[in-house]
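> In this text, residue positions in the sequence shown follow UniProt numbering: the first is 1, and each later residue adds one.
Beta carbons are placed, not taken as given, at the ideal position from N, Cα and C, and that holds for glycine.
From a predicted model like this one, the values you see are computed outputs, not experimental measurements.
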Amino acid sequence: MERFRSHTHFIPLKDDASRLELLPIESEVGSFKSSSVKNGLDSAEGQSQNRTLVVKGWPQTSKALRKTGWKKVGSLAIDTLIALIPLLFIAVSLVAIHMSGSPISTDGDRVKAATTLGPTLFPILFAAIVGRSLRSLALFQAERGAKLGTLEQLMGSLTIFGTVELQFLLRTFDLLGIGLIALWALSPLGGQASLRLLGLGKQPTSSTQNVSYLSPESVSILAQGADTISSLGFSTNALYLSALFTPPATQASAVDTWANVKIPTIEKLESTSKSDADGWYRVFPENASYSSLVGLPIDGIRKSGSYHFYVECLYMALDCPTVTDSTLVNGTSRGGFSLNFVTDDPGNLLLYPNQTSYPSVKPWGVNFSAVSNIESDDSFITNCTLTRSSVESNITCDDGSCSVTQIRRSIFDQRPPGYTPLVYGIGAAGLETYWPMSGGSGEHPGSSTPTEYFISDPTMNSLSTSIASGGVSLKGLSADLFSERFSLVFNTYWQCSLVPWYQTGNFPSNASALNHDSFDINYMGIFNTTTTTVTTFTDIYVCNKIWAAILLIASTVLLLCGIGGAVAKHMARGPKILGYVSTMTRDNPYIDLPPGGCTLDGLERARLLKDVEVKVQDVCAEGGVGHIALGSAETFDSGKLISGRLYAGAA
1 MERFRSHTHF
11 IPLKDDASRL
21 ELLPIESEVG
31 SFKSSSVKNG
41 LDSAEGQSQN
51 RTLVVKGWPQ
61 TSKALRKTGW
71 KKVGSLAIDT
81 LIALIPLLFI
91 AVSLVAIHMS
101 GSPISTDGDR
111 VKAATTLGPT
121 LFPILFAAIV
131 GRSLRSLALF
141 QAERGAKLGT
151 LEQLMGSLTI
161 FGTVELQFLL
171 RTFDLLGIGL
181 IALWALSPLG
191 GQASLRLLGL
201 GKQPTSSTQN
211 VSYLSPESVS
221 ILAQGADTIS
231 SLGFSTNALY
241 LSALFTPPAT
251 QASAVDTWAN
261 VKIPTIEKLE
271 STSKSDADGW
281 YRVFPENASY
291 SSLVGLPIDG
301 IRKSGSYHFY
311 VECLYMALDC
321 PTVTDSTLVN
331 GTSRGGFSLN
341 FVTDDPGNLL
351 LYPNQTSYPS
361 VKPWGVNFSA
371 VSNIESDDSF
381 ITNCTLTRSS
391 VESNITCDDG
401 SCSVTQIRRS
411 IFDQRPPGYT
421 PLVYGIGAAG
431 LETYWPMSGG
441 SGEHPGSSTP
451 TEYFISDPTM
461 NSLSTSIASG
471 GVSLKGLSAD
481 LFSERFSLVF
491 NTYWQCSLVP
501 WYQTGNFPSN
511 ASALNHDSFD
521 INYMGIFNTT
531 TTTVTTFTDI
541 YVCNKIWAAI
551 LLIASTVLLL
561 CGIGGAVAKH
571 MARGPKILGY
581 VSTMTRDNPY
591 IDLPPGGCTL
601 DGLERARLLK
611 DVEVKVQDVC
621 AEGGVGHIAL
631 GSAETFDSGK
641 LISGRLYAGA
651 A
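This is the structure:
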């Protein structure tokens, strides 16, 4: 049969518009094509007549549609494996849920590493499986009869963007289109769900333990006599000078250079803040004024975990209500400072803080005087009152960094304010003798000491401007400001004299045993023990349940798509011809092909015809009205499409 005479078209019958009859094109060609198009087709037929294309491997005999033997088994096995790939993501989701709350492990890290591949692998596998399934479903529906729009939606929805675009191009917003958009939306969601599936967290575990801290009532080096002071006093002075020269940020910090926690002064909080019903004041960095530049050494705090405990401690407060600036008389020694204590000795009640009654005692007096420098006649003189402040501090430590978060007046230590650590008289004598000499050996007796420089300016910037003149003047400092700074350096030097090597973290192995009950005057350190609540944190895996649910849903839908696509593919009997360019060569009168080949799949046909050159062209180039079709490039070599030329568009 000639090729053009086998080309058919549906023509409505005149007596019944609902009936269609399949008729050859030439029998009714005048009813739907102009004569010029027909002449062009006739011309094309003349060009392609008697041409027979030889294609290697082209079917020469009739063949059945069903695959048999190993081809069928192999195809079924491959489709099954592809369909079951989503089980891997389902397994990862279930393993992640099971791992939630488990400690970090090597196997767990492998699972976590696998989840990071999800954003890359999941969309790729999703596109491959869903694309295959939609093509198989379209073919299955086509064999059973389906609307062209439905088939176009299935075949054109191979990407999420193509799916959305197709709804607008087809002007079809139906349940199928919405379902396809929702289906493709699971692709990026599944990838991101895999990435966010498994994270790291910390699991708290609480316990109690004892920690020891150096008692502020430990015996000072200054109370040990001249021999001890001569051999160990350098350590006190070295620690003290290091504290004076710390930068402002460290001075304002909750801990000192050696990570000892500083005790705030409660007097400032009492004047600026309000306590709770139990007398506790909240301590914040912005409202804290610390009693010493050197903090309280605490033994037993590890670098990891959170600690919460209370300590009883004390510091000394100096109140200097008036300061006097005067001019020295001729012959008076210049440079440096001096101090002396005035007291009614109450006896040594230092080691008995739990006594319920104490004799009345007046607070000690401290006389401080400073002479500016060699060339100046200015002097600074003040009389201060020395008292003790016993406080209870609430300390919190996180990963080795401690701070006082609350403070109140001690409800345990009821000793009167006049009972300071200096009641151990020899300590006061050592303090007034050796503290003024802490800055050096006296080679330059006409210069100010580091203590005076600090009282004048805690940043020590005055060193660079006043060193040439030999010293710094305290003249002009208000009584309140001098009292605050004098108290700070006073407590700092005293704290540094309490076993200085403990201040830098060199604790004895039996620190907890060195308490008041076992006190030995020859062993200066006294440690108090307190119970702390310790919260340690273990690194664990944390599964995000929401993302796990999303990944499970996306993977389950993908699994169902894979299974459904595999079933549809093997239930369809015909060749896979939808969606392939090679399908346009089937029964095409404008391409020279051997007869037969109707059982070939699209890819099989493409493989056999891969060297055949075709192009979209005007197959009626000689006629007055053109006709656009896919045809052989050699047969219609003059059929170039021309802008402005008329092409057949209606019957």
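Look at the alpha carbon of Gly631 and the alpha carbon of Asp611, and state the distance between them as a whole number of angstroms.
Take the alpha-carbon of Gly631 and the one of Asp611: they are about 14 Å apart.
> Alpha carbons only, please: which of Thr536, Tyr580, Lys615 is nearest the one belonging to Asp592?
Lys615
> For Gln617, count neighbouring C-beta atoms within 10 Å of its own C-beta (all shown protein chains included) and say buried if the count is 16 or more, exposed if not.
buried
> Which of the three DSSP states, helix, strand or coil, is assigned to Asn461?
coil
> What is the DSSP secondary structure of Thr396, counted as helix, strand or coil?
strand
> Rounding to the nearest angstrom, what Cα-Cα distance links Arg196 and Ile546 in this structure?
Note on geometry: alpha-carbon atoms of Arg196 and Ile546 lie some 10 Å from one another.
> When the Cα of Ile263 is compared with those of Ser306, Ile124, Leu314, Arg110, which residue comes out closest?
Leu314
> Just checking my contact of Phe341 with Leu422 at CB under 8 Å: how many whole Å lie between their CB atoms?
7 Å
> With distances taken between CB atoms, is the gap from Asp299 to Ser235 smaller than 7 Å?
Contact flag unset, no.
> Express the C-alpha separation of Val111 and Asp539 in angstroms, rounding to a whole number.
Cα-Cα distance, rounded: 16 Å.
> Let me check one thing: in DSSP terms, what residues is Val489 bridge-paired to?
Paired residue(s): none; Val489 is not in a bridge.
> From what residue to what residue does the beta strand (DSSP E) around Arg408 run?
401-409
> Does the separation of the CB atoms of Ser187 and Gly118 fall below 7 Å?
no
> Alpha carbon to alpha carbon, how far is Gly624 from Lys147?
Linking Gly624 to Lys147 through their CA atoms gives a straight-line distance of about 35 Å.
> Pick out whichever of Glu613, Gly562, His308 has its Cα sitting closest to the Cα of Thr635.
Glu613
> Would you mind sorting Met316 into buried or exposed? The rule is 16 or more other CB atoms within 10 Å of its CB.
Buried, because 16 or more other Cβ atoms sit within 10 Å of the Cβ of Met316.
> For Tyr434, does the three-state DSSP call read helix, strand or coil?
helix
> DSSP state of Ser379, grouped into three classes?
strand
> Please state if the CB of Ser438 and the CB of Leu222 are separated by a distance shorter than 7 Å.
no
> Taking the alpha carbon of Leu214 as the point to measure from, which residue in Asn506, Ser456, Cys397 has its own alpha carbon closest?
Asn506
> Output needed for Met99: all residues of its chain with C-beta closer than 8 Å, excluding positions within five of it in sequence on either side, in chain order.
Gly108, Val111, Leu198, Tyr541, Cys543
> For Val29, does the three-state DSSP call read helix, strand or coil?
Low per-residue confidence applies at Val29: pLDDT is 34, beneath 50, and the placement is therefore not dependable enough to give any value.
> Nearest by alpha-carbon distance to Val55: which of Gly596, Ala621, Ala633, Glu622 is it?
Gly596
> Anyone know if the C-beta pair for Lys202 and Phe537 falls short of 7 Å?
Judged by beta-carbon spacing, Phe537 lies within the 7 Å limit of Lys202, meaning their Cβ atoms are closer than that value.
> DSSP three-state label for Glu634, please.
coil
> Are the CB atoms of Phe337 and Glu484 within a distance shorter than 7 Å?
no
> Could you tell me whether the Cβ atoms of Ile97 and Val261 are closer together than 7 Å?
Contact: no.
> Whose C-alpha, out of Trp494, Ser291, Ser207, is nearest the C-alpha of Pro431?
Sequence inspection shows Leu at residue 431; the Pro mentioned does not correspond to that position. When each option's Cα is compared against that of Leu431, the closest is Trp494.
> Counting beta carbon pairs with one atom in the region 153-166 and one in the region 126-134, are three or more of them shorter than 8 Å?
yes
> In this structure, how does DSSP classify Val130 when only helix, strand and coil are distinguished?
helix
> May I ask you to report which of helix, strand or coil DSSP gives Ile85?
coil
> If Gly177 sits next to Gln167, beta carbons under 8 Å apart, how far is it from one beta carbon to the other, in whole angstroms?
5 Å
> Of the residues Ile628, Gly418, Leu269, which one's Cα is nearest the Cα of Gln406?
Leu269
> Can you say whether Arg605 is buried or exposed, counting buried as having 16 or more other CB atoms within 10 angstroms of its CB?
buried
> Would Glu267 pass as a contact of Phe412 if the rule is Cβ separation under 7 Å?
For the 7 Å CB-CB criterion, Glu267 and Phe412 do not form a contact.
> Check whether the Cβ atoms of Phe309 and Thr532 sit closer than 7 Å, and answer yes or no.
Cβ atoms of Phe309 and Thr532: closer than 7 Å.
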